[in-house]
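Worksheet: one structure, shown below.
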Amino acid sequence: MKYINYFILLVFLFLLIYASTGLPNRGDLDSVVNRDRSPSGTQNASSYYIRNAYKDTHTPNMVTAVLADYRSYDTLGEETVILTAGLICFLLLRRRRKDDEE
Amino acid sequence: MNMSDIYTSAVPLYAVLVSLAAVPLIILSAKRQNLREFWTIAAGVVKFILVLTLLPGALENRVATVRLFEITPNIQLALKADAVGVFFAIVASGLWILTSIYSIGYMRGLGEHKQTRYFSYFAVCLSSTIGIAFAANLVTFILFYEILTIATYPLVIHKETKEAIYAGRKYLAYTLTGGVFLIAAAAWTYQLNGNLDFVPGGLLQGLALTAGTAVPLFFLFIAGVGVKASIMPLHSWLPTAMAAPTPVSALLHAVAVVKAGVFGIIRVSMFIFGPDIMVQFGLNRILIVFAVITILVGSLLALKQDNLKKRLAYSTIAHLSYIVLGVGIMSSTALIGSLLHIAFHATMKITLFFCAGAIYVHLHKENISELDGIGKTMPWTLGAFTVASIGLAGIPPVNGFISKWYLGAGAADSGQFLLIVVLVVSGILNVAYFSPIVHRSFFRKGQEQETQKEAKPAMVIPLVLTACLSLVFGLFPNLFFSFFRLAAQAVTGIFGGPLP
Amino acid sequence: MLDFFAGHYAYWFILVLLVIGLYGMIFKKNLVKKIIGMSIFQVAIILFFVASASKWNATVPILEHGIQGEALVQYINPLPHTLMLTAIVVGVAINGVAFALIIRIYRRYRTLDENTLLRNMKDDTE
Amino acid sequence: MIQNNAPALVPLIFLFAGIIIPLAALKLRSSAYFIALGATLASTIVSISNVIFVLDSGPVRYFFGGWPPPIGIEYVLDPLSAFLTAVINGITLIVLIHAGKIVEKEIQEHRRVPYYALVMLFLCGCNGIILTGDFFNLYVFLEISSLALYGMVAVGDKKAPISAFRYLIMGTVGGGFYLLGVGFLYVHTGSLNMADIKEILPVLGTNPVVIVALSLMVLGFGIKMALFPLHGWLPDAYTHAPSASSSIMAPIGVKIGAYGILRILLFVFGIKFVTQVFPIAQILTWFSAAGIIYGSIMAISQDEMKRMLAYSSISQIGYIGLGIGLANPYGIIGAVLHILNHGLMKACLFLVAGNFRMKLGHSNIKNFNDTLRKKMPWTTAAFAAGALAMVGIPPTVGFFSKWYLALGTIENKSWILLAVILLSSLLNAVYFFRIIEKIYFRSPSSKQEEKEHQSRKGTEVAASMLIPTLVLAGALFIFGLLNTIIVKGVLMKVLPPGM
Amino acid sequence: MHWEIEITLFIVLILVALISLAVRNLLTAVVTLTVFSFAAALLYVVMGAIDVGFTEAVVGGGITGVLMVVLIFKTSRRSSD
Amino acid sequence: MKSNEDNPITTLISSIVAPFILLFGMYIIVHGHYSPGGGFQGGTMLAASVILIRLVLGSEVGQLQFNSTWGTPLGSLGVLIYFGTGLAAVFFGGTFLNYHFLPIAQEASMKRSLGILFVEIGVGLAVMAILIAVYDDLLGEEPDA
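Residue numbers (the numbering used here), protein chains in the order written: chain L, 7 to 108; chain S, 357 to 856; chain G, 9 to 134; chain Y, 73 to 571; chain Z, 128 to 208; chain X, 874 to 1018.
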């Protein structure tokens, strides 16, 4: 098991080093992420957000706009995750209510 | 190649289902023995009649076909009653009736436990054997083949002793492995062709195969069906499985299961590969080599056995390879010999097993060395035994002679005279391992008092009947079921030549 | 070359952090240490996303009234930030569950050492 | 209204049930089970009607918040996702009917409310993963389902929290890898939408980033699906989880990872990329093959039935991985069919294990003997059916998945893989017939053991547990015989474009 | 993007992470982790992600820290590695 | 955990600070549109305030402020608010979470803005309740067994 762990760690390290050679420069305005159109010609999501967030949602904070409107389903999922965590703590640790013990 | 006339008829399906339908009845009437066994025999008779109704059509090259539904794309769950299938089905279902009667005597005579389970699985086995006989394509064949494997397992371990459980394990290990190879082979064939129907003359015929494909594929097939046919390196489950009750050994290990394997070899060689491809890539030689080795070694090993049923088992191994040999010779005469041997070996070997069972039930003796003088106690039984052993040695007038004759003639036709020598040697070996039994039982004095008389009629009548059948077929091979014409018809379908 | 370094040094630091986190999760035997490793791992992933979002001479993604039209590129890409908010919450949730599990484990086995626990698990036949 | 929102309906029903259960339980605790059952029933109906709908009128895309894909999140209801949701919900429905009684036995009363809520959230996560067309949304739902699963495992026996913790660590690593993969992919393509990325990738060409992103995602899902050698968490988790949890997670839980790999490899990156440019598909097949053998061999040496089934799951997961890795039509059909088939088989076997635990209080193979058969004839018969299916005897479902996988391996001319598939079915036979022998033919070895069995009176389990078991056992044969309908009707349409 | 600050913070992060994993006293480890979270939050802010930084500060420095301390008081403070 | 009830300074300061944190948390929730923050951060702050009281004044006093049995139901309620907002959009003819269909304002962008607000309130409530519940559960007494 130990060797598998080392192996995983090494594979991981190798993968990351390999990948970092191919990453675009940070902050490069011409990189694919920051263009208006994706290479295949579809709308790039983030530039759309930057341009239209206020118009669409009347919300200057783009992060909030994206979080709670454009990608609000993600946020619903996020709430569900929190709820799940709460339920698990309930499930594992909560004692019986007093009135149950009778 | 004469095209066969195909018509739709559900009779093959009914023939398969009838014994399956008997299973719930058998289970429901578990408490009432007579009713339960009535169901067994009734199902046997109905099944036999159903199969017989297919006989005229098969003789006239009219093939009853029933297609149920697609089981995998392009492949239907389909049954067809062609000549070869009907041939095998008649043998299996006919002998089932006799075996059922015999089983009743055997099981009651020994007061065996779990008789309901025994009879119900027996019915399932027969169902799947008929399914194998009538399977119209490889997938249907595999379906019934595997069901047969599983359904035989409870019968093999019926006694539930350590030995029986070991035998069951070994049996499963071998046959499941075989099944797996068969699946692989089928998958490969499907990949080559997109179809798995059994076509007289070969499904793969006309396909541009290379030796690199044909030979490994053939080996896969042989590994698949060869286990049940107990070709030599794959045979060792059969003697072990003799731990089963004798009727099981009789019907399954002389007729249904092992013949299903041999039948599989016929189906594979003649209906999947076809004679042309077999000869083109020398595949038939592979079969011949395996068969010859099995015949000789099996016979020699039979000599060594003291346990009567084990000796019979090795004899079975050797005789199964006669059939394989006939297939391998690739001439129509030899194939007729093969087919006839399926039927004739069945009648003879079942007689022998019935005798062994009768001796065991009646005198509780299993070993040959203990048989001294029992011929006087059980004259009918041992008489039948003698007839059957003469037949297996290939001596006229018993039917074993006929099948062997055709095998020999086929070998001579194709110029493989060495094989005739093999047949003769094996005949001599047959004499060598059967004559001591006959000799001991009739001509040696045993310490057994002659107070005891013959075994129960439920056991003696079937074995005498089978012995008589062997004799009758030896004299008139076309009587009752037109075995000879049926075999000839089947061979015509495959080789396309005129009747020999 | 200098551009390449300037554009990638953050990734290399993050890479180191990722490996440290993974090391903590896999090799540390104390359960709390594993959780610490997990936190480091999560922070590293978040850093990766955040770092990839940044732009030269750009400002935070909150709209100011002065910036209009083509100048909008001056805002940092808000999408990774949003994703990472979600990821942080997920991380908190996982942490909460892990804490609950650790407490349950400690109540029964009175230890937080993984080796001891695994040994106890084997001995503790029930 | 329902028709318009059909793609999103299934996860939302489960989510709603998950939210409402803690609230409804304030008034009436016993309502939790019935809400859960009702939600599962409703979503089963919806998902089956979705399958019919999709087959009739083609894939549907559903935009959350009304934003078209690259901007918002979409759900894609194509034949693959429709089929898999139907499979998941159908099996869960049956398992949940069975779970009612066994949860009453194994889980204390005040824990049942959050337990059922977690089950609902788990299913919400699973369905969300299958339906979503967005990589990050997939991550969120992956975490929902994983977290819920940790909880469902941890509530089991005394050792369950440790197993759950190990599972959590492994699962978080997996989730982290996946998220990192998504990150790389996003940095490279600037999009999170699967369909969008599929369009963009060929334009951008091969790049280390893409390869690493793919590897990380596959690694992440590999951990979630317990692909050998990343399976470490699975046996303990299955063994120590309560019976209800293990019979829900065994047929469904690991399949989610398999689905993820299938979707990413063949639908997003495309067959050409994963087989020729970066042969991760081949790597996947070899690891799967190793897993098949490893799982089978380990299963042989187990004494606890659930643990044995767990190792057998590792092996069966290998089949799915192998089918995906073959990257040809037969392989994919085999893999997807095996997701259904293995779901049915494992559900059936785990329900049997649950029945044993219910009546005997244990599921130790060592202590099985033929009194079991006398007491529980139907349960043991269901076990035999499940065992035959696992071995792959026709006409059970197991045979047909093997059949398609074998066809797939032959098409790729990978003879070793073919041998692995066949060998493993023999190994399966070894460990299943071992139990069958014990159940059917082994008499109690000692007087004491016999007495113990005598003392535990009672015969078969209650009908609400028995009927689901038998339904699943029957399904093994029915689905086997009718597999052509599924293969021709659904799975042929599942294949990714270009096949 | 301010590379001087970023590099400094990165180095701090790595050091703190290593310390946090290395110390035997879990309470120290947890407090160090809180420091780690704060440093990370600062780094996010430097990189322009104010929201993320804010959240990380609230969560990592606040709630998670408190919960971890609770956890350690409920269990044990010593660690063997 | 040992309570610090005896220490007057901590008691005083946290009693003063806690309400302000509470207020600030609420501010963050509703002001998420314009400045960093939002439901999650605000909710966490609310939870922090409650937990602070529990830490300093002991769990019993804390119970008066926020009973630990409320945690899960309130959390569910928070998620339900979110879910309900989405569902309302469905009922008025849109897709799930499409605030455009909510019958709350005239202008399209204002509808979305208000939708975001509702959602954020739900998030804040859920996060606060659940974090407090988790804290309480972690701190719960050990069972007798």
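No residue lacks a Cβ here, since even glycine has one placed at the ideal position from N, Cα and C.
Sequence-ordered contacts of the stretch 17–48 of chain L with chain G read Phe18, Leu19, Leu22, Ile23, Ser26, Leu29, Pro30, Asn31, Arg32, Gly33, Asp34, Leu35, Val39 and Asn40 [C-beta pairs closer than 8 Å]. DSSP, reduced to helix, strand and coil, places Y/Glu146 within a strand of the structure shown.
Under the three-state reduction of DSSP, S/Glu426 is assigned to strand.
Contact residues of the stretch 476–501 of chain S toward chain Y are Ile498 and Leu499 (C-beta to C-beta distance below 7 Å).
The alpha-carbon separation between Y/Met370 and Y/Pro301 amounts to approximately 13 Å. Residue burial is scored here from C-beta neighbours: S/Arg800 has fewer than 16 other C-beta atoms within 10 angstroms and is therefore classed as exposed. At least 9 Å separates the beta-carbon of G/Ile22 from that of G/Ile48. Judged by DSSP in its simplified three-state form, X/Glu933 adopts helix. Here Y/Arg379 is buried, its C-beta having at least 16 other C-beta atoms within 10 Å. Closest in alpha carbon position to Z/Thr159, among Z/Gly175, Z/Leu145 and Z/Phe200, is Z/Leu145.
Counting of Cβ neighbours within 10 angstroms places G/Asp131 among the exposed residues, the total staying below 16. Taken in chain order, the stretch 390–422 of chain S contains no complete beta strand (DSSP E) segment of 3 residues or longer.
Identification of chain G residues near Y/Leu240 by a Cβ-Cβ cut-off of 8 Å yields Ile102, Val105, Ala106 and Leu109, ordered along the chain.
In this structure, DSSP gives Y/Glu376 an extended state, which the three-state scheme calls strand. Just measuring C-alpha positions, the residue of Y/Pro323, Y/Gly390, Y/Lys99 and Y/Ile92 sitting nearest Y/Ile107 is Y/Ile92. A Cβ of chain X is located within less than 9 Å of the beta carbon of G/Ile70. For L/Ala51 against Y/Ser263, the beta-carbon gap comes to about 6 Å, under 8 Å, which counts as contact. Using a Cβ-Cβ cut-off of 7 Å, Y/His260 is close to Val38 of chain L, given in chain order.
Per DSSP, S/Ala658 lies in no beta strand (DSSP E); the unbroken alpha helix (DSSP H) holding it starts and ends at Leu639 to Lys660.
Counting C-beta atoms within 10 angstroms of its own C-beta, Y/Thr468 has 16 or more neighbours from the protein chains shown and is therefore classed as buried.
By the rule that beta-carbons nearer than 9 Å mark a contact, G/Leu93 touches chain X. At a cut-off of 9 Å between beta carbons, Y/Leu219 contacts chain G.
Nearest to Y/Ala298 by C-alpha distance, out of Y/Arg335, Y/Leu252 and Y/Ser360, is Y/Ser360. Per DSSP, Y/Phe136 lies in no alpha helix (DSSP H) segment and is marked neither H nor E.
In this structure, the beta-carbon distance from Y/Glu376 to Y/Lys447 does not fall below 9 Å.
Nearest neighbour of S/Ile513 by Cα position, chosen from S/Ile521, S/Ile506 and S/Ala507, turns out to be S/Ile521.
Residue pairing by DSSP puts L/Gly33 in a beta bridge opposite G/Lys63. If the five residues before and after Y/Phe440 are omitted, its C-beta is found closer than 6 Å to the C-beta atoms of Lys510 and Ile511, all from its own chain and listed in chain order. Using a CB distance cut-off of 9 Å, Y/Pro151 does not count as an interface residue toward chain X. In the DSSP assignment, the residues bridged to S/Ala491 are S/Leu435.
Taking a contact as a CB-CB distance under 8 Å, the pair X/Ala962 and X/Leu953 does not count as one, their CB atoms being some 15 Å apart. Taken through DSSP and simplified to helix, strand or coil, Z/Arg205 comes out as strand. Per the coordinates, the alpha-carbon of S/Ala765 lies some 23 Å from the alpha-carbon of S/Ile587. Between Y/Val284 and Y/Gly253, the gap from beta carbon to beta carbon is short of 9 Å.
Contact of Y/Asn265 with chain L is assigned, a C-beta pair being separated by under 9 Å.
Shown here, G/Thr90 sits in a helix according to DSSP, grouped into three states.
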